[in-house]
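To keep things clear, I will list the structure first and then write my remarks on it.
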Ligand code: ARG
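Residue numbers (full-length UniProt numbering): 17 to 481.
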């Protein structure tokens, strides 16, 4: 029959539009497996506590096994009339096993039921994301290791700044992803608490055992306040915040891939399978995948704001507003999971064009700071050294050459206006001006020297186990 689980107190049915407007089954059926797991744990507890009979539990378990199979085979008849995943499954259970199905909801409300389902679902999603972050990281480390000695210009303001290695540059993204993983792990702790037992908002008069249900479902502890447990979705907001940061990091990397792949820069090439052509311009190879990662970061940021906005005006305890938490949450998890999958593969397909990177280094006076440091080590105060090198760069621009192409005399002439600079220069200065010399000298922890890049990669591998 079409009667709703709660229709007893109503004198007229809802309109078709209201039915469609209030139903969530089209999207919350994704939590069916979690809903069944939660119900089975609840029923087991009810039977242990003598609240339902052992035969009821057996009926419920039999019915749920059948329902699970129907859902997996795509045979389950989801119905808008039954509003959401919870009522659809409960109704089918009752059709299959009769009174035992009607007893399942004893001491429970959809409010603590849905809060439990979301937490179970999100916990699985977080575990999947954490595993995918590791896949991405391992592949990133391989590319970084292969390029621990590959010089490229480091940029500030997108102007050539100082030489770094491509490996060092990639390891910056490793560090970001490590913090991302930490955030997801931390969020998992607060997600992994059991709302069930809070019932609608105040708890239940039945002698329930929440600790047992928590252990059955792998929760670390029970939510300590029934009103809080059924109403807050802060764990989902935290998840979206962690996701927004992860996507922001990958969006920055994507922007760099796009830039590096531009023929005007030409530092890398991406494997064809991550690019598409143009329907009009035959020569084009466009970096669509990184562009889409950059674009999809927008929708994840949007979901975070959606959930924050959803919560901010809600009085305690449960309000139907919370039904709107699912689509942004699911979409965020889907987006992060697909993005990580694609990135893990894309990163290994990067073809590094080391010659172009080195060419770019010879065009921006990348070792000017090394020259200033050299003068400082010879006793010149840093501000004077900075000024002397600035004069040398200006002279180089006039001559149209790079600093290493000056003779010792030319360098001395250029620096002459700064007292004490010229006489501190000798032939050793040319070793300092080389890219390799510049890289090797930054050999403290966190520096770009190839030896430190390798050490950072070794530490990372040890962290990943
Ligand atoms: N479909 C609802 C949701 O997603 C389940 C909880 C409904 N509870 C209620 N009292 N209407 O939040």
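In this text, a Cβ means the ideal position worked out from N, Cα and C, and glycines have one as well.
Predicted model, so just to flag it, every value in this text is computed and none were measured.
Run of the beta strand (DSSP E) containing residue 84, from where it starts to where it stops: Per DSSP, residue 84 lies in no beta strand (DSSP E); the unbroken alpha helix (DSSP H) holding it starts and ends at 70-88.
Whole-angstrom distance between residue 276 and residue 175, CA atom to CA atom: So the alpha carbons of these two residues sit roughly 14 Å apart.
Start-to-end residues for the beta strand (DSSP E) that takes in residue 27: That residue, residue 27, is in no beta strand (DSSP E); it is neither H nor E in DSSP.
Residues near residue 384 by beta carbon distance below 7 Å, same chain, minus five either side: Answer for residue 384: 405, 409 and 419, listed in chain order.
CB of residue 391 within 8 Å of CB of residue 440, strictly: yes
Residue from 193, 238, 189 and 219 whose Cα sits closest to the Cα of residue 207: 238
Whole-Å CB distance - residue 217 paired with residue 186, under 8 Å assumed: Rounded, the Cβ-Cβ distance is 50 Å, inconsistent with contact.
Residue burial classification, residue 329 (beta-carbon count within 10 angstroms, cutoff 16): exposed
Inter-residue spacing [alpha-carbon to alpha-carbon] between residue 357 and residue 148: 7 Å
In DSSP terms, what residue 237 is bridged to: 209
Whether residue 286 touches residue 362 by CB criterion (8 Å): yes
Cutoff 8 Å: residue 107 Cβ touching any chain B Cβ: Looking at the structure shown, chain B is missing, and only one protein chain is on hand.
Check: residue 155 C-beta below 7 Å from any heavy atom of the ligand ARG: Residue side-chain check: residue 155 keeps its Cβ at 7 Å or more from all non-hydrogen atoms of the ligand ARG.
Buried or exposed (CB count within 10 angstroms, at least 16 for buried), residue 131: buried
Residue 44: CB within 7 Å of a non-hydrogen atom of the ligand ARG: Residue 44: yes, Cβ under 7 Å from the ligand ARG.
Beta-bridge partners of residue 393, as assigned by DSSP: According to DSSP, residue 393 bridges with nothing at all.
The region 215-232 contacting the region 305-320, beta-carbon criterion three pairs below 8 Å: Between the region 215-232 and the region 305-320 there are fewer than three inter-stretch CB-CB distances shorter than 8 Å, so the stretches are not counted as touching.
DSSP state of residue 297 mapped onto helix, strand, coil: coil
Rounded C-alpha distance that separates residue 62 from residue 224: 7 Å
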